[in-house]
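Inspection log for the structure reproduced underneath, given as structure tokens.
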Amino acid sequence: MKNILLLLIAVFISCYFFSGKASAKLDEMQTVKGEVDSVLIGADPMRGNISEITITSENGQKLSFEVRTGIGITVGTSAKVITLNKLKKGTTVIINYITTKANVKKAMAIELYGYYKE
């Protein structure tokens, strides 16, 4: 009886750990606000046309995001859209992103926060 109880507990624990609850953040849309540190426009033949943006979040954490080719950056609540190469260091942005199973952060949408001057 004791062995059966231990077996049931072990099965319950393993089901909990392998249920995917630990990876709830994967492929779930998240949002971060921060200042642009650098923008790398995709021209690397090994990576294709994948660009990258690195920001420092409001809590001081450096984060890098893959940006797909052709993504437009919205300017606040206006209908204006700019390209990635127009972003400058120090510009505040809001990035909506997902984290893949390979632990890569992919920007799905980027919004300029505050005033933008060309």
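Numbering (the numbering used here), first residue to last: 1378 to 1495. Quick reminder that beta carbons are idealized off the backbone N, C-alpha and C, glycines included.
By the DSSP assignment, the beta strand (DSSP E) with residue i in it spans what residues?
{"i": "residue 1417", "result": "1407 to 1417"}
{"i": "residue 1452", "result": "1450 to 1452"}
{"i": "residue 1430", "result": "1428 to 1434"}
Leaving out five residues before and five after residue i in sequence, what residues of the same chain have Cβ atoms less than 6 Å from its Cβ?
{"i": "residue 1469", "result": "1412, 1490 and 1491"}
{"i": "residue 1430", "result": "1416, 1442 and 1444"}
Quick one: what does DSSP say residue i is sitting in, helix, strand or coil?
{"i": "residue 1473", "result": "strand"}
{"i": "residue 1489", "result": "strand"}
{"i": "residue 1508", "result": "There is simply no residue 1508 to check, as the chain begins at 1378 and stops at 1495 in what is shown."}
{"i": "residue 1478", "result": "coil"}
{"i": "residue 1465", "result": "coil"}
State yes or no: is the C-beta of residue i within less than 7 Å of the C-beta of residue j?
{"i": "residue 1463", "j": "residue 1435", "result": "no"}
{"i": "residue 1475", "j": "residue 1406", "result": "yes"}
{"i": "residue 1427", "j": "residue 1437", "result": "no"}
{"i": "residue 1458", "j": "residue 1447", "result": "no"}
{"i": "residue 1404", "j": "residue 1432", "result": "no"}
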